[in-house]
Structures are given as structure tokens and as C-alpha cells.
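*Asks:*
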Amino acid sequence: MLQGQAGGRPKVVVSKDPSCGCCGAWADHLRRAGFPVEIVETTDVNAVKRRLGVPADLASCHTAEVQGYVIEGHVPAAAMV
């Protein structure tokens, strides 16, 4: 279970391309579930994926980092608790 300070949800850092709208919708989904979200816009999301070791066959439109975990794509907030 992911847990932040004082038992709350940990911050999720989402790296996304500025032109992608679905990534923002996923971030809003996480916020509604109680996760604080930081958006990092980059035109080279693939560089983030390479840095984090995301295999090309598992790559999605955005990559999130939370408590040392890498989350790729539209993972439901319920699966992160």
C-alpha cells in the first residue's frame, strides 16, 4: 500500500507531453482519489522512460513516479492503494 506522511496518499509525479489531454484527465482521477499530483511537462517523455527503465513494449503516453515505483499508463487509483 502506498502511503505518504501522516497516513495520507503520497505525491505522484507525472511526466507527460504538453499536448496530451488524457494524461491530465488521469492526474485529475488521482487527485479525486486523494493523491497529490505534480505534473512535469516534457517534449521528450521517452527520455524519462529510458531513465526509469521502462521497457519499450510497456510504454504508454505518460509515466508516473511514486515512492520509488514507476507507474506507466492509466492505472486506476484503486490499484495504487
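Counting from 28, one number per residue, gives the positions in the sequence shown under my numbering.
Heads up, the beta-carbon is just placed ideally off N, CA and C, and yes, glycines get one too.
(1) Would you check if the distance between the CB atom of Pro110 and the CB atom of Glu68 is smaller than 7 Å?
(2) So, using beta-carbon positions, are Glu99 and Val81 closer together than 7 Å?
(3) Tell me the residue span of the beta strand (DSSP E) that contains Val97.
(4) Short check: CB of Val39 to CB of Phe62, under 7 Å?
(5) Roughly how many angstroms lie between the CA atoms of His89 and Gly35, to the nearest whole one?
*Replies:* Per the coordinate set shown:
(1) Residue 110 lies beyond the stretch modelled for the chain, which goes from 28 to 108, so this question has no answer here.
(2) Here residue 99 refers to the residue found at position 72 of the sequence shown. Here residue 81 refers to the residue found at position 54 of the sequence shown. Yes; because the gap between Cβ atoms is below 7 Å, this pair is in contact.
(3) Translated into the one-based positions of the sequence shown, residue 97 becomes position 70. It spans Tyr96 to Glu99 - the beta strand (DSSP E) in which Val97 sits, taken as one unbroken run.
(4) The residue you call residue 39 lines up with position 12 of the sequence shown. The residue you call residue 62 lines up with position 35 of the sequence shown. A contact, by the Cβ cut-off of 7 Å.
(5) Taking the sequence shown and counting its residues from 1, one reaches residue 89 at position 62. Taking the sequence shown and counting its residues from 1, one reaches residue 35 at position 8. Cα-Cα distance, rounded: 24 Å.
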